[in-house]
Structures are given as structure tokens and as C-alpha cells.
Amino acid sequence: MRTLREYEAVARERLDPVYYDYFAGGAGDEITLRANEASLARLALVPRILRGSERRELGVTLLGTRASMPVLVAPTAFHRLAAPDGERATVRAVAAADTIMIVSMAATVAVEDIAAEAPGAKLWFQLYVQPDLGFTEALVRRAEAAGCTALVVTVDSPALGRRERDDRNAFHDLPDGLRCENLRIGDAPGDVRQIAMSPEISWDHIAWLREITDLPIVLKGVLHPEDARLATEAGVAGLLVSNHGGRQLDTVPATIDVLPEIVDAAGGLPVLMDGGIRRGTDVLKALALGASAVALGRPVVWGLAAEGEQGVKGVLERIREEVDHALVQCGCASVGDLDRTFVR
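Using the working numbering, you'd call the opening residue of the sequence shown number 1115 and step up by one each time.
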């Protein structure tokens, strides 16, 4: 079974270099992109001994949804750039792994079709609040109707990050035949909106979302503890500590470095984390520092590009196996046994 990094090597061979750069790249000098992995690597696990258990419990319940392991699939755009089936292949693999897929608003397959591809799949929906609130509400209704059980609202994107790889490659739109299907407003090829990054987005928009939907709301992109405190007052259901994979504002902190502060400020809200997860040991470090689960982004795309549905299955099964093995080595019977004493 390949490691997650080995899947990336295969994907790089198979992808158009422009598309590889799109998925792999970050903003500016890509300092934050590299820091996500480097900061995880600098942390050490401190195992306990003589606490043997024949079986480990990896499952977690998040906002009422049970996942078989504390690893979700993060929202990533444009899966059909990686494989012809795109998000259809991804959701089949995620359903087989019995975990949660956060459907990207910028998916190249519509949320309704993703849900239909794997009936019973556990889906959340990523949302960028659009200046056109009527269109935003229509997207929320589509997500509800498709069976999504949470909204993951991206709040770290008042403007699009400056991704210099994409600028050099002149990659600023999808090729002919591919569209962001959740933004389609008609049947004609041109009837697709662009995602609007809005500098006006504010806490008022979160209050508005809470008025129009009963879905629990997770804020994705929280890095400052004061924002975590404000989120508890705003009535959101959870937080996702994220720097957008280093793709928005370069030189912001690695997510693992701010995770404990966010957990402490979150007032008991479930806190998830993404960014730089490449090994089961990375997952344990995040859980020990207070994360309820982590979300996996680029490695899922690498699996998809390498082997389609089977590649995504391989990525998810590899990370599950590594989490289980690391738990054994740390003397834990379940992911709930982890605390900050396990990390130095």
C-alpha cells in the first residue's frame, strides 16, 4: 500500500503540470504551505507504556454524524481535473471508508449528483457566502435537499490568494467542458457564475445564515483565538482551524501551531484542523492538542489522480491504518484517550 507522499509522486507524473501546480501550490513564497508540514514534523509524540488493549476505537461523532475515523475529506475544488469521474469517484471512496466528505462549493460535479452517486454518504457542504444573498440561500437549499448535514462556511477568503504558480501558468479558469456545477444557474454552457470573494463578509452574514437554515454551521479558516471566542457568541456549531492549505495569505501560522489556542478559546465547541496532514502520527498530534478530527485535502486529490476511486480508497485506508498503529504505539485504546501530555 502506498504512503500518502508516494501517491503524490504518482499523481505528479500523471497530471498535466499546470493542474499539478494548481493543486500543489500556495500563495506568495509558499512559506505557510511548507510550514504546515514542517510544524507537525517538529512535534514529538510521547507514548505511554503498559496500557495494552486488544482493539482500538477510531470512530468519532461530529455534529451528530458518526465517522469511522477522525479523518474527514476536506473541501477541494475541481476533482475532474484529476480524474474523469472527479467527485463521483471521491464520494464512492469516502462512503466506502465510512467517513465524511465536505463537498466543495467549487466542485466539478453538482452536490445533488455527488449525493446520488453514493446514497447514504455522509456529506457536509462548503459555502462561500456570496454578495447575492438570494443565490447563497439557493445554494443552502440545494445542500439541504441533497442531504448535507452541516454547512462549512469558508471565512478566510475576503479576496483570492495570490498564487504565483497559477499566474505563471496562466491558469485562471477551467478548461472547456468543466464547470463549477454548484454555481450553474441554467443549462447553457455559459450559465455558470464565478465564486465571488467578498471583502464585505462579516459576522452579520453568519447571523443571517443561522436565521435561514437549521443546519449546524462550522467556520473554516479560524486562526485567531479572539475569533474563536466571537464564534461561540455567534452560535456556530464548530470551528475548522485552517489556513486554506497555505493558499490564501502567505506567512500566516501553521495550523498545528495555533490549534491549542483555538481549542482553549472555543468554549467547548468541536474544533477540527486541516493543513499538512500526511501521516497517522500527524493525526494523533492534532487530536492530542485538542482537535476533534482532522480534514485531509491534497492527499485525496493525489490518490484520485493516481488511481481514481481506488486511489482515494487507498489514501483513506492508509491513513486509517497509520492512525490505528500509532494509537497502539502510544498505549491508547481510543482516540479519546489522547491529551496534551502525549505531545512535546
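Even glycine gets a Cβ: it sits at the ideal position worked out from N, Cα and C.
Give me whichever residues DSSP pairs with residue i in a beta bridge.
{"i": "VAL1174", "result": "ALA1181"}
{"i": "LEU1241", "result": "VAL1267"}
{"i": "GLY1352", "result": "VAL1332"}
{"i": "VAL1306", "result": "ARG1298"}
{"i": "ALA1400", "result": "ALA1400 is not bridged to any residue."}
{"i": "ASP1246", "result": "DSSP lists no partner for ASP1246."}
{"i": "ILE1214", "result": "LYS1236"}
{"i": "LEU1186", "result": "ALA1409"}
{"i": "SER1448", "result": "GLU1171"}
{"i": "VAL1457", "result": "LEU1159"}
By how many angstroms is the C-alpha of residue j removed from the C-alpha of residue i?
{"i": "ILE1320", "j": "ALA1348", "result": "7 Å"}
{"i": "GLY1075", "j": "VAL1205", "result": "This structure gives no information on residue 1075, because the portion of the chain shown stretches from 1115 to 1458."}
{"i": "ASP1270", "j": "VAL1336", "result": "7 Å"}
{"i": "PRO1330", "j": "GLY1352", "result": "8 Å"}
{"i": "LEU1442", "j": "GLY1166", "result": "Looking at the sequence shown, residue 1442 is not Leu but Val. Approximately 8 Å, taken between the alpha carbons."}
{"i": "ARG1255", "j": "ARG1324", "result": "13 Å"}
{"i": "GLU1278", "j": "GLY1142", "result": "6 Å"}
{"i": "ARG1128", "j": "GLY1382", "result": "44 Å"}
{"i": "VAL1429", "j": "ARG1119", "result": "10 Å"}
{"i": "VAL1493", "j": "GLY1422", "result": "In the structure as shown, the chain starts at 1115 and stops at 1458, and residue 1493 therefore has no counterpart that could be examined."}
{"i": "ARG1116", "j": "GLY1394", "result": "13 Å"}
{"i": "GLY1173", "j": "ALA1440", "result": "15 Å"}
{"i": "VAL1408", "j": "ASP1135", "result": "24 Å"}
{"i": "ASP1378", "j": "THR1369", "result": "14 Å"}
{"i": "SER1406", "j": "LEU1176", "result": "8 Å"}
{"i": "ASP1461", "j": "VAL1160", "result": "Residue 1461 is absent from the structure shown; the chain starts at 1115 and stops at 1458."}
{"i": "GLU1431", "j": "ASP1388", "result": "18 Å"}
{"i": "ASP1328", "j": "PRO1131", "result": "42 Å"}
{"i": "ASP1318", "j": "ALA1400", "result": "31 Å"}
{"i": "GLU1251", "j": "ILE1326", "result": "8 Å"}
{"i": "ARG1293", "j": "ALA1149", "result": "32 Å"}
{"i": "ARG1282", "j": "ALA1447", "result": "49 Å"}
{"i": "GLN1424", "j": "ALA1123", "result": "16 Å"}
{"i": "VAL1225", "j": "GLY1200", "result": "12 Å"}
{"i": "TRP1322", "j": "LEU1247", "result": "9 Å"}
{"i": "HIS1286", "j": "ASP1280", "result": "7 Å"}
{"i": "ALA1152", "j": "TYR1133", "result": "24 Å"}
{"i": "ALA1284", "j": "HIS1358", "result": "21 Å"}
{"i": "ALA1125", "j": "LEU1344", "result": "40 Å"}
{"i": "LEU1154", "j": "ALA1273", "result": "28 Å"}
{"i": "ALA1207", "j": "PRO1367", "result": "32 Å"}
Select from the options the residue whose C-alpha is nearest the C-alpha of residue i.
{"i": "PRO1339", "options": "ASP1328, SER1356, GLU1325, THR1327", "result": "SER1356"}
{"i": "ARG1307", "options": "SER1406, LEU1373, VAL1408, PHE1249", "result": "PHE1249"}
{"i": "LEU1363", "options": "VAL1160, VAL1187, GLU1226, GLY1275", "result": "GLY1275"}
{"i": "PRO1189", "options": "MET1215, LEU1195, ALA1260", "result": "MET1215"}
{"i": "ALA1380", "options": "VAL1350, ASP1396, ALA1407", "result": "VAL1350"}
{"i": "VAL1217", "options": "ASP1246, LEU1253, ALA1149", "result": "LEU1253"}
{"i": "GLY1140", "options": "GLU1421, VAL1457, VAL1429, GLY1390", "result": "GLY1390"}
{"i": "LEU1265", "options": "MET1219, LEU1452, GLU1295, GLU1127", "result": "MET1219"}
{"i": "LEU1147", "options": "THR1365, GLY1360, ASP1212", "result": "GLY1360"}
{"i": "LEU1237", "options": "PHE1285, ALA1257, VAL1457", "result": "ALA1257"}
{"i": "PRO1413", "options": "ASP1130, LEU1154, PHE1137", "result": "PHE1137"}
{"i": "PHE1239", "options": "ALA1191, ARG1126, GLN1424", "result": "ALA1191"}
{"i": "LEU1288", "options": "ILE1299, PRO1272, ILE1309, ALA1273", "result": "ILE1309"}
{"i": "ARG1434", "options": "ASP1281, ASP1212, HIS1358", "result": "ASP1212"}
{"i": "THR1263", "options": "ASP1280, ALA1181, ALA1152", "result": "ALA1181"}
{"i": "LYS1334", "options": "GLU1151, LEU1241, ALA1155, ALA1273", "result": "LEU1241"}
{"i": "ASP1227", "options": "ARG1169, SER1153, GLU1295", "result": "GLU1295"}
{"i": "TYR1121", "options": "ARG1169, ARG1392, PRO1367, PRO1198", "result": "ARG1392"}
Inspect the beta-carbon positions of residue i and residue j and report whether they are closer than 9 Å.
{"i": "GLY1445", "j": "LEU1164", "result": "yes"}
{"i": "LEU1410", "j": "LEU1157", "result": "no"}
{"i": "GLU1231", "j": "ARG1194", "result": "no"}
{"i": "ALA1229", "j": "GLY1261", "result": "yes"}
{"i": "PRO1245", "j": "SER1316", "result": "no"}
{"i": "ALA1419", "j": "ALA1221", "result": "no"}
{"i": "ALA1209", "j": "GLY1234", "result": "yes"}
{"i": "VAL1243", "j": "VAL1267", "result": "yes"}
{"i": "ALA1342", "j": "GLU1314", "result": "no"}
{"i": "ARG1458", "j": "LEU1403", "result": "no"}
{"i": "VAL1332", "j": "LEU1297", "result": "no"}
{"i": "ILE1145", "j": "THR1346", "result": "no"}
{"i": "LEU1398", "j": "VAL1385", "result": "no"}
{"i": "VAL1426", "j": "MET1183", "result": "no"}
{"i": "PHE1456", "j": "ARG1170", "result": "no"}
Is there a C-beta anywhere in chain B that falls below 9 Å from the one on residue i?
{"i": "VAL1457", "result": "No chain B appears in this structure, which consists of one protein chain only."}
- Message: In chain order, what are the residue ranges of uninterrupted beta strand (DSSP E) at least 3 long that sit wholly in the stretch 1115-1182?
- Response: Fully enclosed beta strand (DSSP E) runs of 3 or longer: 1174-1176, 1179-1181.
- Mind listing, in chain order, the continuous beta strand (DSSP E) runs of no fewer than 3 residues lying wholly within the stretch 1357-1388? Runs found: 1385-1388.
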